[in-house]
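Chemist:
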Amino acid sequence: MNALIQLFHLIFTYPILNVLMELYHLFHDFGFAIVLLTVIVYLLNLPFTLQRVKLARQQRTLQPQLDEVDRQHNDLLARMAARQEFLQQHGISATSSIGPVLFQMLILSGLFLALNMVISNATLDTINGIMYPFLAHFSQLPDLNLNWFTFLNAALHIALNRADPTHILPILTGIITFIQMRMAQPLTETKEAVVQSTQLLQLVGPLIGVGITMFFVWQFAAGVALYRLVYLVVTAVQQYFMTGWGSLWSVPAFAGIFASTSGHVGRETSKSRRARKSARRHGKRFRKRL
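For the sequence shown, the positions run 1 to 290 when UniProt numbering is used.
The following block contains the structure:
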């Protein structure tokens, strides 16, 4: 097991750490080095991301035919085999996306571990021991303070090796998580109740994602939070060019549901008022006749 961990470090963690430290050596800003490294990792992952998007679009195009295949098979195993055969006939392998996803996970894990090696009480000897011989070594530990927000308040400097005491990075990460997830959802304008219920679930999903993301970001060092924030921003930009704003600006489904419900109640209330007025008029006429 130790041999596998060491192999992983040699292939992923140590190269990423060397790039991170070289970026810091060039720009003397550890936060900016994290931003640049995140963009580099994103660009490395981009071909695999585009491949996944292409496969997803192909499957959406074939979805009506896949539904027909499902209707022809009642048995679950037979249905899955038929779907796989149908996709293979159209040049889509059910396992074709596993490799890219696995590679992305390995790179992101290497980035996470490289960040942790630097920000989690690393010593100068440890960092220089991992640095490649042909790269510049360090005579002192890197400055892990993020001073980007000190123009607002001199006290707003964030130590990237500790949890963010200002809560700026976790809050920004939560906001960008919600934006990116809503952009990824297709816009639906129909007023049908079933679709509105689906839209309501689509709104709840990003909110849950925001909660989970912020919970974990609050637990980790601010350097990891900064990496996550930048990666989400870049992903949101990519999402815009792929799907536009998606459902970001759409009215939440529960507003439509509540509006229709309140409208129904309002109509009923208006009917009740008219009924009471009619009853009073009939009562007056009845008393006059008496």
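For each residue, glycine too, the CB sits at the ideal point set by N, CA and C. The structure presented is a predicted model; accordingly, all values stated were derived computationally and were not measured.
Please report the straight-line C-alpha distance between F32 and R79, rounded to a whole angstrom.
Modeler: Numbered from its first residue, the sequence shown carries residue 32 at position 32. Numbered from its first residue, the sequence shown carries residue 79 at position 79. Between F32 and R79, the C-alpha separation is close to 51 angstroms.
Chemist: Between the Cα of residue 302 and those of M181, G244, I5, spot the shortest distance and give me the residue it belongs to.
Modeler: In the structure as shown, the chain begins at 1 and stops at 290. Residue 302 is therefore absent and cannot be evaluated.
Chemist: Leaving out five residues on either side along the sequence, give the residues of the same chain with a beta carbon under 6 angstroms from the beta carbon of L141.
Modeler: As a working mapping, residue 141 is identified with position 141 in the sequence shown. L124, listed in sequence order.
Chemist: Where does N161 sit, in a helix, a strand or coil, going by DSSP?
Modeler: Within the sequence shown, numbered from 1, the residue matching residue 161 stands at position 161. Residue state, collapsed to three classes: coil.
Chemist: According to DSSP, is N145 helix, strand or coil?
Modeler: Taking the first residue of the sequence shown as position 1, residue 145 is located at position 145. Here N145 sits in strand by DSSP.
Chemist: In angstroms with no decimal places, state the Cα-to-Cα distance between D164 and I158.
Modeler: The residue labelled residue 164 in the question sits at position 164 within the sequence shown. The residue labelled residue 158 in the question sits at position 158 within the sequence shown. Cα-Cα distance, rounded: 6 angstroms.
Chemist: Beta-carbon separation of L226 and L169 under 8 angstroms?
Modeler: What you label residue 226 is simply residue 226 of the sequence shown in a count that begins at 1. What you label residue 169 is simply residue 169 of the sequence shown in a count that begins at 1. Yes, Cβ-Cβ distance for L226 and L169 is below 8 angstroms.
Chemist: Assuming contact is defined by CB atoms lying nearer than 8 angstroms, are I127 and N161 in contact in what I supplied?
Modeler: Counted from its first residue, the sequence shown places residue 127 at position 127. Counted from its first residue, the sequence shown places residue 161 at position 161. Cβ distance not < 8 angstroms, so I127 and N161 don't count as in contact.
Chemist: Assign I179 to one of two classes, buried (16 or more other C-beta atoms within 10 Å of its C-beta) or exposed (fewer than that).
Modeler: For the purposes of this step, residue 179 is taken as residue 179 along the sequence shown, with counting starting at 1. Buried, because 16 or more other Cβ atoms sit within 10 Å of the Cβ of I179.
Chemist: List the endpoints of the continuous alpha helix (DSSP H) containing M131.
Modeler: Numbered from 1 along the sequence shown, position 131 holds the residue referred to as residue 131. Taken as a continuous stretch (DSSP letters only), M131 belongs to no alpha helix (DSSP H), as it is neither H nor E.
Chemist: Buried or exposed for S247, please, with buried defined as at least 16 other CB atoms from any protein chain shown within 10 angstroms of its CB.
Modeler: Along the sequence shown, one-based indexing puts residue 247 at 247. With 16 or more Cβ atoms within 10 Å of its Cβ, S247 is classed as buried.
Chemist: Taking all protein chains shown into account, decide if I98 is buried (16 or more other Cβ within 10 angstroms of its Cβ) or exposed.
Modeler: Along the sequence shown, read from residue 1 onward, the residue named residue 98 stands at position 98. With fewer than 16 other beta carbons inside 10 angstroms of its own, I98 counts as exposed.
Chemist: Closer than 8 angstroms is the cut-off here; do at least three beta carbon pairs connect the stretch 9-27 with the stretch 50-65?
Modeler: Because the criterion of three Cβ pairs below 8 angstroms is not met, the stretch 9-27 and the stretch 50-65 do not touch.
Chemist: In whole angstroms, what is the alpha-carbon distance linking V217 and L108?
Modeler: Position 217 of the sequence shown, counted from the start, is the residue given in the question as residue 217. Position 108 of the sequence shown, counted from the start, is the residue given in the question as residue 108. About 15 angstroms.
Chemist: Look at the alpha carbon of L17 and the alpha carbon of T49, and state the distance between them as a whole number of angstroms.
Modeler: What you label residue 17 is simply residue 17 of the sequence shown in a count that begins at 1. What you label residue 49 is simply residue 49 of the sequence shown in a count that begins at 1. Using only the alpha carbons, I get a separation of about 23 angstroms.
Chemist: Using CA coordinates, which residue listed in N147, G110, F220 is at the minimum distance from Y42?
Modeler: Position 42 of the sequence shown holds residue 42. Of N147, G110, F220, the residue nearest in Cα terms is G110.
Chemist: Apart from the five residues on each side of it in sequence, which residues of its chain come closer than 6 angstroms, Cβ to Cβ, to V224?
Modeler: The count along the sequence shown starts at 1 and reaches residue 224 at position 224. For V224, the CB contacts under 6 angstroms within the same chain, skipping 5 residues up- and downstream, are L115 in chain order.
Chemist: Closer than 6 angstroms by C-beta to E68: which residues in its own chain qualify, once you throw out the five before and the five after it? Chain order, please.
Modeler: As a first step, residue 68 is located in the sequence shown; it is residue number 68 there, counting from the start. None.
Chemist: Short check: CB of T173 to CB of L135, under 8 angstroms?
Modeler: Translated into positions along the sequence shown, residue 173 becomes position 173. Translated into positions along the sequence shown, residue 135 becomes position 135. The answer is no: Cβ separation not under 8 angstroms.
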